[in-house]
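Numbering (the working numbering), first residue to last: 662 to 785. Glycine included, C-beta positions come from ideal geometry on N, C-alpha and C. Worksheet: one structure, shown below.
What follows is the structure, encoded as structure tokens:
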């Protein structure tokens with residue numbers, strides 16, 4: 662026998678409540694960011710992500726905060742996660758590319774990808 666909690670309508674209500682709470686955390690993070698409190702914004706975006714882990718905007722915005730405090734690896738991870746969730750997220754691609762460029766790389770390499778051979782000849 663199933664309970665009322667197992668119905669699709671109940672599941673939708675729970676999902677809607679989680680999304681509402683996630684959006685509240687998102688708004689708090691935005692306010693913290695405006696005040697320059699990047700660490701608090703990161704914590705708030707993390708709370709939002711825990712409640713709505715498929716929201717690419719939450720990862721993207723947390724990536725911005727990580728970049729603001731100089732945590733490039735965390736920013737890259739968040740931008741990449743945003744892109745995985747939304748393959749058309751141009752701003753996430755742009756920000757990730759800028760971080761790679763700042764590191765001197767034109768595009769990300771997987772650990773198994775070898776660097777291209779040098780075009781500079783060893784012969785003079």
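Next item on the list: Report buried or exposed for residue 711, applying the criterion of at least 16 other Cβ atoms within 10 angstroms of its Cβ.
Entry: exposed
Item checked: Burial state of residue 706 (16 or more Cβ within 10 Å) -> buried
Note to self: Suppose the cutoff is 6 Å on Cβ atoms and the five residues either side in sequence are ignored; what does the same chain contact list for residue 752 look like?
What the structure shows: none
Next item on the list: Decide if residue 779 is buried, meaning its Cβ has at least 16 other Cβ atoms within 10 Å, or exposed.
Entry: With a pLDDT of 45 at residue 779, under the threshold of 50, the modelled position of that residue is not reliable, and no figure is offered here.
Item checked: Length of the line joining the Cα atoms of residue 736 and residue 726 -> 8 Å
Margin query: Suppose you measure from the CA of residue 700 to the CA of residue 760; what does that come to, to the nearest Å?
Written below: 19 Å
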